[in-house]
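**Student:** Quick one: structure below, then a few questions.
In our numbering, the protein residues as written are 82 to 446.
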């Protein structure tokens with residue numbers, strides 16, 4: 082009996098990848114899905130969010146439990162805040178359209194433009210679950226989101242490790258496995274869990290229209306802090322104070338991920354809301370103090386306005402000092418009204434004393 086040569090093995094792998102791409106391309110064409118949704122396609126009006134599976138009152142508790150489970154699995158796998166945030170966004174985007182209570186057959190439907198906040202057509206409704214013997218539970222989609230998000234953020238974890246942690250966390254405190262069931266590679270149980278996880282990942286990819294790009298508020302915190310500190314917009318600019326403000330805002334954003342904020346607000350607006358909430362000296366609920374916050378003027382400046390301001394400052398510096406001094410312009414384009422609404426709706430709150438639980442990146446400047 083002759084064994085397969087390396088060339089034959091490579092050819093087989095290429096054929097499998099080709100078939101997989103062909104299958105996904107056929108699915109996209111059959112359901113008229115956009116090949117690459119724009120960021121605004123994932124921002125919805127509140128009535129649309131409230132009518133979606135993610136916010137359906139009868140299952141809100143189950144989704145909240147699944148999100149807590151997702152975060153715990155991510156922590157045990159030593160995934161950072163940004164990676165866990167990506168996983169959470171995938172989960173919430175999936176359940177904007179897919180419903181684990183709907184059987185796979187006939188679940189696909191036509192999308193529309195109603196309820197979207199952007200100018201591009203919103204993603205069409207995908208099927209409820211991939212090829213599987215039963216619809217997926219929220220915790221199965223959560224585990225798939227961890228596996229997929231870790232790969233996308235280049236923090237990949239081995240499939241066997243994800244399965245081990247996911248199953249043990251999911252079965253913890255059960256009657257048969259009080260400490261959690263431990264599933265090891267090579268067992269029949271492992272094969273079953275592996276198949277379910279890979280099928281769930283395929284369903285998740287279809288549910289998010291194969292769009293893996295996610296913009297997080299975390300990425301805006303450091304440059305926003307640097308810009309505000311450079312212009313002395315708030316406080317006196319002491320490094321220690323700004324470090325504390327940055328850490329509290331980071332923790333505030335982390336807590337906001339457990340809400341549907343990422344489905345309605347832009348990342349930059351959430352970052353600005355978290356910074357303003359922590360920078361303003363006042364008690365919770367003092368909206369007038371937030372509305373008068375002098376940092377809004379800088380953060381609301383658009384890219385075009387920032388470039389124009391940068392040019393005028395550079396000319397001024399050249400005239401006064403005889404040399405051009407590069408002064409970064411404000412290019413955040415924050416919408417203060419949206420940021421204030423996020424605070425008013427409780428999507429962004431003051432950090433609840435867990436600032437030191439995980440060390441964020443240091444604020445620049």
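In this text, a Cβ means the ideal position worked out from N, Cα and C, and glycines have one as well.
Look at the alpha carbon of residue 356 and the alpha carbon of residue 166, and state the distance between them as a whole number of angstroms.
**Tutor:** As a working note, residue 356 is residue 275 in the chain shown. As a working note, residue 166 is residue 85 in the chain shown. The straight-line gap from Cα to Cα measures roughly 18 Å.
**Student:** Using the three-state DSSP reduction, which class does residue 301 fall into: helix, strand or coil?
**Tutor:** Along the chain shown, one-based indexing puts residue 301 at 220. Of the three classes helix, strand and coil, the one that applies to residue 301 here is helix, per DSSP.
**Student:** Taking DSSP as the reference, what is the three-state secondary structure of residue 374?
**Tutor:** Position 293 of the chain shown, counted from the start, is the residue given in the question as residue 374. Residue 374 falls in the coil class under three-state DSSP.
**Student:** As an exercise, report each continuous beta strand (DSSP E) stretch of at least 3 residues that is fully enclosed by the stretch 205-265, in chain order.
**Tutor:** none
**Student:** What residue range is occupied by the uninterrupted alpha helix (DSSP H) comprising residue 349?
**Tutor:** Residue mapping note: residue 349 aligns to position 268 of the chain shown, counting from 1. Segment 348-360, the alpha helix (DSSP H) holding residue 349.
**Student:** Going along the chain, which residues of its own chain have a beta-carbon closer than 7 Å to the beta-carbon of residue 400, five neighbours each way excluded?
**Tutor:** Position 319 of the chain shown holds residue 400. Summary for residue 400: the model assigns pLDDT 38, below 50, so the residue's position carries little reliability, and this model does not support an answer.
**Student:** Could you say which of 304, 146, 248 and 342 lies nearest to residue 277 if we only look at CA atoms?
**Tutor:** The residue you call residue 277 lines up with position 196 of the chain shown. A check of alpha carbon separations from residue 277 across 304, 146, 248 and 342 identifies 248 as the nearest.
**Student:** Given a threshold of 16 other Cβ atoms within 10 Å of its Cβ, counted over all protein chains shown, does residue 350 qualify as buried or as exposed?
**Tutor:** As a position in the chain shown, residue 350 is number 269, starting the count at 1. Looking at its Cβ environment, which holds 16 or more other Cβ atoms inside 10 Å, residue 350 is buried.
**Student:** Give every residue of the same chain whose Cβ lies closer than 8 Å to the Cβ of residue 181, excluding the five residues on either side of it in the sequence, and list them in chain order.
**Tutor:** Indexing the chain shown from 1 puts residue 181 at position 100. Note that residue 181 has pLDDT 48, beneath the 50 cutoff, so the model's placement of it is unreliable and the number below is only indicative. Closer than 8 Å at Cβ, skipping near neighbours: 134, 209, 210, 216, 217, 218, 219 and 222.
**Student:** Exposed or buried, residue 227, counting other C-beta atoms within 10 Å across all chains shown (16 or more means buried)?
**Tutor:** Taking the first residue of the chain shown as position 1, residue 227 is located at position 146. The residue is buried, with at least 16 neighbouring Cβ atoms inside 10 Å.
**Student:** For residue 327, name the three-state secondary structure that DSSP assigns.
**Tutor:** As a working mapping, residue 327 is identified with position 246 in the chain shown. Helix at residue 327.
**Student:** Kindly indicate the opening and closing residues of the alpha helix (DSSP H) around residue 276.
**Tutor:** Locating residue 276 in the chain shown gives position 195, where the first residue counts as 1. Start and end: 269-288.
**Student:** Give the range of the alpha helix (DSSP H) segment to which residue 144 is assigned.
**Tutor:** Taking the chain shown and counting its residues from 1, one reaches residue 144 at position 63. 141-157 is the span of the alpha helix (DSSP H), which, as asked, contains residue 144.
**Student:** Between which two residues does the alpha helix (DSSP H) carrying residue 176 extend?
**Tutor:** Translated into the one-based positions of the chain shown, residue 176 becomes position 95. It is not in any alpha helix (DSSP H) - residue 176 carries neither H nor E in the DSSP assignment.
**Student:** If residue 160 sits next to residue 231, beta carbons under 8 Å apart, how far is it from one beta carbon to the other, in whole angstroms?
**Tutor:** As a working note, residue 160 is residue 79 in the chain shown. As a working note, residue 231 is residue 150 in the chain shown. The pair is a contact, with the Cβ atoms about 6 Å apart (cut-off 8 Å).
**Student:** I'd like to know whether the C-beta atoms of residue 169 and residue 151 end up nearer to each other than 8 Å.
**Tutor:** If you number the chain shown from 1, residue 169 lands on position 88. If you number the chain shown from 1, residue 151 lands on position 70. Result yes, Cβ atoms of residue 169 and residue 151 sit closer than 8 Å.
**Student:** From this set, 327, 279 and 179, which residue's C-alpha is nearest residue 239's C-alpha?
**Tutor:** Walking along the chain shown from the start, residue 239 turns up at place 158. Residue 279 is the option with its Cα nearest to residue 239.
**Student:** Using a Cβ-Cβ cutoff of less than 6 Å, which residues in the same chain neighbour residue 368 once the five nearest sequence positions on both sides are dropped?
**Tutor:** Counting from 1 along the chain shown, the entry for residue 368 is found at position 287. Within the same chain, residue 368 has no close Cβ partners at all.
**Student:** Can you give me the Cβ contacts of residue 447 inside the same chain, cut-off strictly under 6 Å, excluding the 5 residues immediately before and after it?
**Tutor:** In the structure displayed, the chain extends from 82 to 446; residue 447 sits before or after that span and is not available.
**Student:** I need the DSSP call for residue 335, collapsed to helix, strand or coil.
**Tutor:** Locating residue 335 in the chain shown gives position 254, where the first residue counts as 1. Here residue 335 sits in helix by DSSP.
**Student:** Helix, strand or coil, according to DSSP, for residue 167 in the structure here?
**Tutor:** Along the chain shown, one-based indexing puts residue 167 at 86. DSSP, read as helix, strand or coil, puts residue 167 in helix.
**Student:** Among the candidates 377, 423 and 424, whose CA atom is the shortest distance from the CA of residue 413?
**Tutor:** What you label residue 413 is simply residue 332 of the chain shown in a count that begins at 1. Comparing C-alpha distances from residue 413 to each of 377, 423 and 424 shows the shortest one belongs to 377.
**Student:** To which residues of the same chain is residue 353 closer than 6 Å at the C-beta, ignoring the five residues directly before and after it?
**Tutor:** The residue you call residue 353 lines up with position 272 of the chain shown. Cβ neighbours of residue 353 beyond the five flanking positions: 380, 415 and 420.
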